[in-house]
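Colleague: Residue numbers (the numbering used here): 1154 to 1554.
Okay, handing you the structure first.
See the structure below:
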């Protein structure tokens, strides 16, 4: 059915172009894209644990439809295509591939914590925690999705032009901007809802404390994070979504600088300044999407260590002192048994003192660091080298051809 629908859209676009009716062409394609994005909005506001395969196919139909519009309107002249519009739709589809399984991943992560004893109440606490986070995610998705749509509408270059913006070629490189604006607006709502849900899930530590639950830190757990590594792995995966907007911005800033005022990039001159100002906040947002929830869990783990675990280590230290005093005064009898007990106590004491207070291991830290170095380098290029950084990079890449 999806294939038939896409084929019908393509045929309609081509036929409408042949009849000299570009308005109908853009309305047909724009209606298809708006309809699919509307379904994605519904999914983003209230996702299910099992993603719809039909909706996945519908979502991946949007980039070909958008390209079909460009081909039908301008033929084989990429310099005239609205590639930003096409790439924005592709970014939404790619982002959905990251977030569509996040609710199920969160539920499985919480149940893993319950099964390994990291949640004091076991699976019952895990299920209760999931239900509370899901309720918060639904509410935050509505708020952030709506706020993103309002902010996008109010801050774009079309805001000052009013309704006339839909026919202004300086704002919309292709005609009939309304057919382009509505799908993009819905796409912004989708991304805003995703980010809102991610922010709600990032409140895991606060929800644990509010519900009076307890995260147990296991000093000698083999995962290297006190048994709480699944939390770090989950938030690392979720932060990939927050990396989509800065990556999109970086790619287009690179194209702006390399192409200069010529070619297809020149038609987006109004967006260049806006993208430059957005770059640093977007990268910082991507970093905070991982750091903030991890800091919350770190606070819980540190409190657990400084109360329960330090209390045990202090008791062990007293026993160590007592055993050493006995060995110093011993006449040789049972010395080996005391030394074995002493060695075991020392190992336990050292293990308690070295208990990690971060729900991440070396591999998670390495992946997070490498990913953000790749995002921060372009920011540094703009701060310290301005656009010349991108121009030099473009010349270098061009020399490789």
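Even for Gly, the Cβ is constructed at its ideal location relative to N, Cα and C.
Give me the Cα-Cα distance between residue 1315 and residue 1307, rounded to the nearest whole angstrom.
Modeller: Along the chain shown, one-based indexing puts residue 1315 at 162. Along the chain shown, one-based indexing puts residue 1307 at 154. Because residue 1315 carries a pLDDT of 49, less than 50, the predicted location of this residue cannot be relied on, and no value is offered for it.
Colleague: Using the three-state DSSP reduction, which class does residue 1368 fall into: helix, strand or coil?
Modeller: Stepping through the chain shown from its first residue, residue 1368 is reached at position 215. Reduced to three states, the DSSP call for residue 1368 is strand.
Colleague: Mark residue 1464 as exposed unless 16 or more other C-beta atoms lie within 10 angstroms of its C-beta, in which case mark it buried.
Modeller: Counted from its first residue, the chain shown places residue 1464 at position 311. Flag for residue 1464 reads exposed.
Colleague: Since I believe residue 1283 is in contact with residue 1259 (beta carbons under 8 Å), could you give me their beta-carbon distance rounded to a whole number of angstroms?
Modeller: By 1-based counting over the chain shown, the position of residue 1259 is 106. By 1-based counting over the chain shown, the position of residue 1283 is 130. With 8 Å as the limit, residue 1259 and residue 1283 qualify as a contact, their Cβ atoms being about 7 Å apart.
Colleague: Give me the Cα-Cα distance between residue 1440 and residue 1390, rounded to the nearest whole angstrom.
Modeller: Taking the chain shown and counting its residues from 1, one reaches residue 1440 at position 287. Taking the chain shown and counting its residues from 1, one reaches residue 1390 at position 237. When rounded, the distance between both Cα atoms is 12 Å.
Colleague: From 1451, 1438, 1345, pick the residue whose C-alpha is nearest to that of residue 1304; which is it?
Modeller: Here the question's residue 1304 lines up with position 151 in the chain shown. Measuring from the Cα of residue 1304, the nearest candidate turns out to be 1345.
Colleague: For residue 1186, does the three-state DSSP call read helix, strand or coil?
Modeller: Locating residue 1186 in the chain shown gives position 33, where the first residue counts as 1. Note: residue 1186 maps to helix in three-state DSSP.
Colleague: Within 10 angstroms of its Cβ, does residue 1526 collect 16 or more other Cβ (buried), or is it exposed?
Modeller: Here residue 1526 refers to the residue found at position 373 when the chain shown is read from its first residue. Exposed: under 16 other Cβ atoms inside 10 Å.
Colleague: Keeping to the same chain, check which residues put their C-beta closer than 7 Å to that of residue 1302; ignore five residues upstream and five downstream.
Modeller: Indexing the chain shown from 1 puts residue 1302 at position 149. The answer, listed in chain order, is 1338, 1341, 1342, 1345.
Colleague: Report the residue from 1264, 1216, 1253, 1251 whose alpha carbon sits nearest the alpha carbon of residue 1241.
Modeller: On the chain shown, residue 1241 is found 88 positions in, with the first residue counted as 1. Ranking the options by Cα distance to residue 1241, first place goes to 1216.
Colleague: In terms of DSSP beta bridges, what is residue 1272 paired with?
Modeller: As a first step, residue 1272 must be located in the chain shown, where it is residue number 119. In DSSP, residue 1272 forms a bridge with 1368.
Colleague: Quick one: grab the DSSP three-state call for residue 1215.
Modeller: By one-based count along the chain shown, residue 1215 stands at place 62. Here residue 1215 sits in helix by DSSP.
Colleague: If we count Cβ pairs, one from each stretch, closer than 8 Å, do we get three or more for the stretch 1437-1455 versus the stretch 1484-1503?
Modeller: No, they do not touch.
Colleague: Grab me the residues of residue 1294's own chain with a C-beta within less than 7 Å of its C-beta, minus the 5 sequence neighbours each way, in chain order.
Modeller: Walking along the chain shown from the start, residue 1294 turns up at place 141. Closer than 7 Å at Cβ, skipping near neighbours: 1197, 1198, 1346, 1349, 1350.
Colleague: Which first and last residues belong to the alpha helix (DSSP H) in which residue 1358 is found?
Modeller: The count along the chain shown starts at 1 and reaches residue 1358 at position 205. That run of the alpha helix (DSSP H) goes 1357-1363.
Colleague: For the alpha helix (DSSP H) that contains residue 1488, what are its first and last residues?
Modeller: Translated into the one-based positions of the chain shown, residue 1488 becomes position 335. Taken as a continuous stretch (DSSP letters only), the alpha helix (DSSP H) holding residue 1488 covers 1488-1506.
Colleague: Compute the distance between the beta-carbons of residue 1264 and residue 1279, then report whether it is under 8 Å.
Modeller: The residue labelled residue 1264 in the question sits at position 111 within the chain shown. The residue labelled residue 1279 in the question sits at position 126 within the chain shown. Going by C-beta atoms, residue 1264 is nearer than 8 Å to residue 1279.
Colleague: So residue 1463 is in the alpha helix (DSSP H); what residue range does that whole segment cover?
Modeller: Stepping through the chain shown from its first residue, residue 1463 is reached at position 310. Per DSSP, residue 1463 belongs to the alpha helix (DSSP H) from 1463-1482.
Colleague: DSSP three-state call for residue 1289: helix, strand or coil?
Modeller: The sequence position of residue 1289 within the chain shown is 136, counting from 1. Three-state result, residue 1289: helix.
Colleague: So residue 1447 and residue 1388 are in contact, right, with Cβ under 8 Å, and what is the actual spacing, rounded?
Modeller: For the purposes of this step, residue 1447 is identified with residue 294 of the chain shown, where counting begins at 1. For the purposes of this step, residue 1388 is identified with residue 235 of the chain shown, where counting begins at 1. Yes, they are in contact, since the Cβ atoms of residue 1447 and residue 1388 sit about 6 Å apart, within 8 Å.
Colleague: Under a Cβ-count criterion, where at least 16 other Cβ atoms within 10 Å of its own Cβ denotes burial, should residue 1516 be classed as buried or exposed?
Modeller: Position 363 of the chain shown, counted from the start, is the residue given in the question as residue 1516. So residue 1516 counts as exposed.
Colleague: Here's the rule I'm using: 16 or more other beta-carbon atoms within 10 Å means buried, otherwise exposed. How should residue 1426 be labelled?
Modeller: Here residue 1426 corresponds to residue number 273 of the chain shown, with the count starting at 1. Burial call: exposed.
Colleague: For residue 1192, I'd like the list of residues in its chain whose CB is within less than 7 Å of its CB, leaving aside the five on either flank, ordered along the chain.
Modeller: Taking the first residue of the chain shown as 1, we reach residue 1192 at position 39. Taken in chain order, the residues that qualify are 1208, 1211.
Colleague: I'd like the span of the alpha helix (DSSP H) that includes residue 1243, first residue to last.
Modeller: In the chain shown, the residue the question calls residue 1243 occupies position 90. 1236-1252 is the span of the alpha helix (DSSP H), which, as asked, contains residue 1243.
Colleague: Kindly indicate which residue of 1479, 1357, 1380, 1474 has the alpha-carbon position closest to the one of residue 1499.
Modeller: The residue given as residue 1499 occupies position 346 in the chain shown. Of the candidates 1479, 1357, 1380, 1474, the one whose C-alpha sits nearest the C-alpha of residue 1499 is 1474.
Colleague: For a quick check, are the C-beta atoms of residue 1365 and residue 1372 less than 8 Å apart?
Modeller: Numbered from its first residue, the chain shown carries residue 1365 at position 212. Numbered from its first residue, the chain shown carries residue 1372 at position 219. Against a cut-off of 8 Å, the Cβ pair of residue 1372 and residue 1365 comes out as no contact.
Colleague: Alpha carbon to alpha carbon, how far is residue 1375 from residue 1431? Give it in angstroms, no decimals.
Modeller: Counted from its first residue, the chain shown places residue 1431 at position 278. Counted from its first residue, the chain shown places residue 1375 at position 222. Each residue's Cα considered, the two are about 41 Å apart.
Colleague: Given residue 1285, which residues of its chain have a CB within under 8 Å of its CB, disregarding the five upstream and five downstream residues?
Modeller: If you number the chain shown from 1, residue 1285 lands on position 132. Excluding positions up to five away in sequence, the list reads 1360, 1364.
Colleague: Take residue 1437 and list the residues in its own chain whose beta-carbon comes closer than 6 Å to its own, dropping the five residues that flank it on each side.
Modeller: Residue numbering aside, residue 1437 sits at position 284 when the chain shown is read from its first letter. Closer than 6 Å at Cβ, skipping near neighbours: no residue.
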